[in-house]
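So the protein lines, in turn, are chains A and B. Going by my numbering, the residue at position 212 of the first sequence is 212; the numbering climbs one at a time, nothing skipped. Converting from the second sequence to my numbering requires adding 228 to each position, the first position being numbered 1. Idealized CB from N, CA, C, for every residue including glycine.
Protein chains: 2
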Amino acid sequence: GRKVLIVYAHQEPRSLNGSLKSIAVEELSKQGCSVTVSDLYAMQFEPRATRSDIVGCLHNPEEFNYGVEMWEAYKRGDLSSDLIEEQKKVQEADLLIFQFPLYWFSMPAIMKGWMDRVLVQGFAHEFPNCYDSGLLKDKLALFSFTTGGSEEMYAKGGINGDIRYLLWPMQHGIMHFCGIKLLAPHICFAPEYVSEEKRKEMLIAWAQRLKTLWKEEPINCSPEWYFK
Amino acid sequence: GRKVLIVYAHQEPRSLNGSLKSIAVEELSKQGCSVTVSDLYAMQFEPRATRSDIVGCLHNPEEFNYGVEMWEAYKRGDLSSDLIEEQKKVQEADLLIFQFPLYWFSMPAIMKGWMDRVLVQGFAHEFPNCYDSGLLKDKLALFSFTTGGSEEMYAKGGINGDIRYLLWPMQHGIMHFCGIKLLAPHICFAPEYVSEEKRKEMLIAWAQRLKTLWKEEPINCSPEWYFK
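Encoded structure:
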């Protein structure tokens, strides 16, 4: 059975994001996958990158360099226990699903903190092992999110610009950098401004997609896909 | 005298980011500007968007919707005191400078949390008052940051893609959305991999730029600038 990690960032279980997360757990479990959820708000996940992420002494206490210290701490096995937990979940997963409401053309800070703190050099990448040879290659990721703006606002000529523009830092800059291949994003546009019926259709569409998810080919994560 | 707010996100005062921040305080003060710094790590600024950001009762306690609750709380004057503080600083500022190390093609989570929690609907935007008619129009913003990757890696054909691609969500998606005009970003590429002399040159170049900053014209914040 395949292993899936859902990293989920919504405060309210009754939200559409909450329902999308539950549907993924249900549908993927039904398929025989083993599903783990990191419910970031429920965990009160720490988003700040600080000295507390390193157990014991610093490599260079004179001038704190977060990247260097995390790399060294990873090699010594001295990362804080919450990060070791998350890294274990990532290591075991075949697929990472990120479920969140779009905040300011990006993920909520609590999820950005997960990226900043968990995907440490040595664990997720280690130059020159980045992009296609990143340390997490052979894994898949899928960004599933809701927006405030409508699909028209996120069209190529729309005021928000093509939705793909804002996927570049998240998909290429983070996931691809670590060697992870991207499945097409799953986007629910403006659920707050549509009918209850439309919202139900959104949930059904997600359940449907999940049924054949493992047959999907990853996108070609190059500038053409984003900016063609 | 003009007012400047520097939102600063680095853990180490002795870092290049720390020096860039200090230089801005010094140079702008010398010009007669009044300069305020929000030193996010020193403040232990909270990045998570939670129920605690609203004082008193919720508008809809049945289903917590962060955006709606924050909008309502703003109108009632019921935002948590740390947010009221930050909004006051923004309101008074003519120019916002964001000083940070690039983390994963974006700002560190602690700064993303500042955006998520401070730039509330009603305060920074209120449909249809967004983009050129955003509620913070007549203000300027400048993103000043350091990178891990070199300038060549962030060139148009480089493995990281054009650095401007990753500026889209931050400059257009956040600042422009609130009506704020953008001065050209100030980027120090890969300071960790250059000589001490080169780093000194970076500091001098920033001080030099600040001397004539108020004569600069904002960029044309449209897709052409980013993806031309």
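Closest by C-alpha distance to residue i, when choosing among the options
i        : options                                : result
A:Cys188 : A:Arg2, A:Gln121, A:Ser19              : A:Ser19
A:Met170 : B:Glu320, B:Phe333, B:Glu314           : B:Phe333
B:Pro241 : B:Ser250, B:Val235, B:Ile234           : B:Ser250
A:Thr36  : A:Asn220, A:Phe98, A:Ser15             : A:Phe98
A:Pro191 : B:Val253, B:Asn293, B:Asn245, B:Gln259 : B:Asn293
B:Glu254 : B:Leu410, B:Pro329, B:Ile234           : B:Ile234
B:Trp453 : B:Gly407, B:Leu395, B:Glu429, B:Lys439 : B:Leu395
B:Gly284 : B:Arg276, B:Ala301, B:Cys358, B:Ala277 : B:Ala301
A:Ile219 : A:Ser52, A:Asp82, A:Leu140, A:Ala207   : A:Leu140
B:Gln319 : B:Leu441, B:Ala383, B:Gly362, B:Lys384 : B:Gly362
B:Lys303 : B:Leu256, B:Asp322, B:Phe351, B:Asp281 : B:Phe351
B:Asp322 : B:Gly386, B:Ile408, B:Glu425           : B:Ile408
B:Thr375 : B:Pro336, B:Val346, B:Gly341           : B:Pro336
C-beta neighbour in chain B for residue i, strict 8 Å
i        : result
A:Gly173 : yes
A:Ile110 : yes
A:Ala49  : yes
A:Arg14  : yes
A:Asp116 : yes
A:Gly158 : no
A:Trp214 : no
Which of helix, strand or coil DSSP assigns to residue i
i        : result
B:His400 : helix
B:Asp267 : strand
A:Cys178 : helix
A:Val4   : strand
A:Glu92  : helix
A:Leu140 : strand
A:Leu20  : helix
A:Ile163 : helix
A:Gln44  : coil
A:Phe227 : helix
A:Ser222 : coil
B:Gln349 : strand
A:Ser34  : strand
B:Arg437 : helix
B:Met381 : coil
A:Arg14  : coil
Minimum Cβ-Cβ distance from residue i to chain A less than 8 Å
i        : result
B:Ile234 : no
B:Trp299 : no
B:Tyr331 : yes
B:Pro451 : yes
B:Gln239 : yes
B:Phe373 : no
B:Gly389 : yes
Cβ-Cβ separation, residue j to residue i (assumed contact under 8 Å), whole Å
i        : j        : result
A:Ala9   : A:Met115 : No, A:Ala9 and A:Met115 are not in contact; Cβ-Cβ is about 11 Å, not under 8 Å.
A:Cys130 : A:His172 : Contact doesn't hold; Cβ gap of about 11 Å is too wide.
B:Cys406 : B:Leu364 : 4 Å
B:Ser308 : B:Ser280 : 6 Å
A:Leu142 : A:His176 : Wrong, their Cβ atoms sit about 13 Å apart, outside the cutoff.
Sheet register partners of residue i (DSSP bridge)
i        : result
B:Asn357 : B:Glu354
A:Ile54  : A:Leu79
B:Cys416 : B:Thr374
A:Tyr103 : A:Ser106
A:Phe98  : A:Val7, A:Phe143
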